[in-house]
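First comes the structure, then the notes that go with it.
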Amino acid sequence: MSADVARRIALAAQGFADPRPASPPTRRHLQRVLSRVRLLQLDSVNVAVRAHYMPVFSRLGAYAPALLDEAAWSHSARRPRLLVEYWAHEASLVPVEDWPLFHSGAKKRGWWHHHTATAEREPRLVEDILAVVKELGPLGAGAIEKALSGGAPRAKDHWGWNWSEVKQICEYLFGTGALTTGTRRGFERLYDLTERVLPPEVLSRRVTAEDGARELVAKAATALGVATETDLRDYYRLAPVRSHQAVRELVEAGVLEPVAVRGWTAPAYRHVEARTPRVVTGRALLCPFDPLIWERARTERIFDFHYRIEIYVPPEKRVHGYYVFPFLLDGRLVGRVDLKADRAGGVLRVQAAHAEPSADHGRVAVELAAELRHMADWLELENVQVTPRGDLAPALKAVVR
Numbered sequence: 001m002s003a004d005v006a007r008r009i010a011l012a013a014q015g016f017a018d019p020r021p022a023s024p025p026t027r028r029h030l031q032r033v034l035s036r037v038r039l040l041q042l043d044s045v046n047v048a049v050r051a052h053y054m055p056v057f058s059r060l061g062a063y064a065p066a067l068l069d070e071a072a073w074s075h076s077a078r079r080p081r082l083l084v085e086y087w088a089h090e091a092s093l094v095p096v097e098d099w100p101l102f103h104s105g106a107k108k109r110g111w112w113h114h115h116t117a118t119a120e121r122e123p124r125l126v127e128d129i130l131a132v133v134k135e136l137g138p139l140g141a142g143a144i145e146k147a148l149s150g151g152a153p154r155a156k157d158h159w160g161w162n163w164s165e166v167k168q169i170c171e172y173l174f175g176t177g178a179l180t181t182g183t184r185r186g187f188e189r190l191y192d193l194t195e196r197v198l199p200p201e202v203l204s205r206r207v208t209a210e211d212g213a214r215e216l217v218a219k220a221a222t223a224l225g226v227a228t229e230t231d232l233r234d235y236y237r238l239a240p241v242r243s244h245q246a247v248r249e250l251v252e253a254g255v256l257e258p259v260a261v262r263g264w265t266a267p268a269y270r271h272v273e274a275r276t277p278r279v280v281t282g283r284a285l286l287c288p289f290d291p292l293i294w295e296r297a298r299t300e301r302i303f304d305f306h307y308r309i310e311i312y313v314p315p316e317k318r319v320h321g322y323y324v325f326p327f328l329l330d331g332r333l334v335g336r337v338d339l340k341a342d343r344a345g346g347v348l349r350v351q352a353a354h355a356e357p358s359a360d361h362g363r364v365a366v367e368l369a370a371e372l373r374h375m376a377d378w379l380e381l382e383n384v385q386v387t388p389r390g391d392l393a394p395a396l397k398a399v400v401r
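So in the working numbering, spot 160 of the sequence shown is number 160, and the numbers just go up one at a time.
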């Protein structure tokens, strides 16, 4: 297939061939997005908007963030919890029913595994943390430490463990599945016993590593449409040996179809149910952790768009800015803007704006300005202001003004 066909397949798989709702998005619309992307990555950076909120906005437009909060961190008989936190791509919100797959042995062990030594050295502390959470949870790590100390202030040199060890063990228990996020306060994770968060039928399901890898690769293929084995493996950060085996088995089962994409150096696989729209229209701003673009080599291969996050680059060496959102217009990445939500000033600040070499600056500026205004309204910011940095900034500033 041509690279253009592969691009349209990838966009459709991620939900960008679906029109945005004409009315305020509902839980049903959110579920449609989740059925496409399969997970939402969490990240602590809040310079513009938390990473897990943005992919839903990119696909649905303005929606009530409480819709996602309720799906992730609350439960009732009428509206059961849809999502749970775990290490999927990175720290992510994943569908509740996928929980057993991440504990099947298909994935590489996460960074939390490095805290195993602390947990083994402090078995009594592990027991005490679980007991405190069972009695008082959901709690943050600081509240757990306070409960363990009886609320009394203490000097670290008078204890056999300190706050960092409590946090390490909480993260270790999160990684092993004994604890999960019951809810969040702001962005603070409040730990709770997993058995109080997930339904018994989910917790009781046992999945082998082979079956888990096969299911996760199939879900990744659904989310990506067409992908290399490396793309499929990266979506859930699977162990290579598991991924290779799963791809072979899914090809044999007729779920994946081997294809050659012109311009791609590696073999590719198309999910047999992937759609190929004739055209993809519409616009969207994409946060750095959107699943359409988070794998930078794939982004460059599909969109001919070189993209790197520059948060950790010294300011004087940044090319495009601190927290840069690529701009998707009619199925192509045509520009990028460095965004900051100035909540105190009520302003969405465009700190830099750049266009791709072949982009029509005038049209991109008009469409981008409209999407920035839409984003500002969603974030309850009154104005959009453009800093004159970047080759697209003059045209964008003129339209915004």
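Idealized CB from N, CA, C, for every residue including glycine.
None of these values were measured; they are calculated from a predicted model.
Residue i vs residue j beta-carbon contact at 8 Å
| i | j | result |
| --- | --- | --- |
| residue 62 | residue 342 | no |
| residue 214 | residue 256 | no |
| residue 365 | residue 392 | yes |
| residue 11 | residue 101 | no |
| residue 368 | residue 335 | yes |
| residue 298 | residue 307 | no |
| residue 314 | residue 293 | no |
| residue 352 | residue 374 | no |
| residue 372 | residue 350 | yes |
| residue 232 | residue 48 | no |
| residue 71 | residue 82 | yes |
| residue 104 | residue 212 | yes |
| residue 191 | residue 150 | no |
Residue range of the unbroken beta strand (DSSP E) whose run includes residue i
| i | result |
| --- | --- |
| residue 85 | 83 to 87 |
| residue 304 | That residue, residue 304, is in no beta strand (DSSP E); it is neither H nor E in DSSP. |
| residue 382 | Where residue 382 is concerned, there is no enclosing beta strand (DSSP E), given that its DSSP letter is neither H nor E. |
| residue 94 | 91 to 95 |
| residue 201 | Careful: residue 201 lies outside any beta strand (DSSP E), inside the alpha helix (DSSP H) at 200 to 203. |
| residue 101 | From DSSP, residue 101 is part of no beta strand (DSSP E) but of the alpha helix (DSSP H) over 99 to 102. |
| residue 188 | 188 to 193 |
| residue 284 | 283 to 285 |
Rounded straight-line distance, which links the Cα of residue j to that of residue i
| i | j | result |
| --- | --- | --- |
| residue 389 | residue 323 | 14 Å |
| residue 67 | residue 85 | 16 Å |
| residue 386 | residue 207 | 51 Å |
| residue 221 | residue 345 | 43 Å |
| residue 288 | residue 79 | 31 Å |
| residue 142 | residue 134 | 16 Å |
| residue 6 | residue 266 | 14 Å |
| residue 112 | residue 360 | 47 Å |
| residue 45 | residue 189 | 15 Å |
| residue 9 | residue 310 | 29 Å |
| residue 74 | residue 263 | 46 Å |
| residue 128 | residue 139 | 13 Å |
| residue 17 | residue 185 | 35 Å |
| residue 261 | residue 115 | 42 Å |
| residue 362 | residue 395 | 6 Å |
| residue 167 | residue 278 | 51 Å |
| residue 331 | residue 300 | 14 Å |
| residue 69 | residue 14 | 21 Å |
| residue 99 | residue 400 | 45 Å |
Coil, strand or helix - residue i by DSSP
| i | result |
| --- | --- |
| residue 50 | coil |
| residue 355 | strand |
| residue 402 | Outside the displayed range of the chain (1 to 401) lies residue 402, so it cannot be described from this structure. |
| residue 108 | coil |
| residue 55 | helix |
| residue 115 | helix |
| residue 342 | strand |
| residue 14 | coil |
| residue 397 | helix |
| residue 325 | strand |
| residue 334 | strand |
| residue 176 | helix |
| residue 154 | Any answer about residue 154 is weak, because its pLDDT of 44 lies below 50 and its placement is not dependable; what the coordinates show is given next. In the structure shown, residue 154 sits in coil (DSSP, three-state: anything other than H, G, I, E or B). |
| residue 426 | Within the shown structure, residues of the chain are numbered from 1 to 401, placing residue 426 beyond reach of any answer. |
| residue 163 | Annotation note: pLDDT 49 at residue 163 (below 50); position unreliable, coordinate value reported separately. Looking at residue 163 - three-state DSSP - the assignment turns out to be helix. |
| residue 75 | coil |
| residue 19 | coil |
| residue 320 | coil |
| residue 5 | helix |
| residue 182 | strand |
| residue 125 | helix |
| residue 42 | coil |
Range covered by the alpha helix (DSSP H) that runs through residue i
| i | result |
| --- | --- |
| residue 364 | 361 to 378 |
| residue 143 | 141 to 148 |
| residue 27 | 27 to 37 |
| residue 235 | 229 to 236 |
| residue 224 | 209 to 224 |
Subject >> the segment 261 to 271 / the segment 218 to 235 touching (three or more Cβ pairs under 8 Å) >> reply: Flag = yes, the segment 261 to 271 and the segment 218 to 235 touch.
Subject >> Stretch-stretch touch, CB-based, cutoff 8 Å, three pairs: the segment 89 to 101 with the segment 35 to 45 >> reply: Yes, the segment 89 to 101 is in contact with the segment 35 to 45.
**OP:** Please determine if the segment 189 to 197 and the segment 113 to 127 are in contact, where contact requires at least 3 C-beta pairs separated by less than 8 Å.
**Re:** Between the segment 189 to 197 and the segment 113 to 127 there are fewer than three inter-stretch CB-CB distances shorter than 8 Å, so the stretches are not counted as touching.
**OP:** Count the CB pairs spanning the segment 47 to 60 and the segment 18 to 37 that are closer than 8 Å, and state whether there are at least three.
**Re:** The segment 47 to 60 vs the segment 18 to 37: in contact.
Subject >> the segment 106 to 118 contacting the segment 236 to 245, beta-carbon criterion three pairs below 8 Å >> reply: With a cut-off of 8 Å, the segment 236 to 245 and the segment 106 to 118 count as touching, because enough Cβ pairs lie within range.
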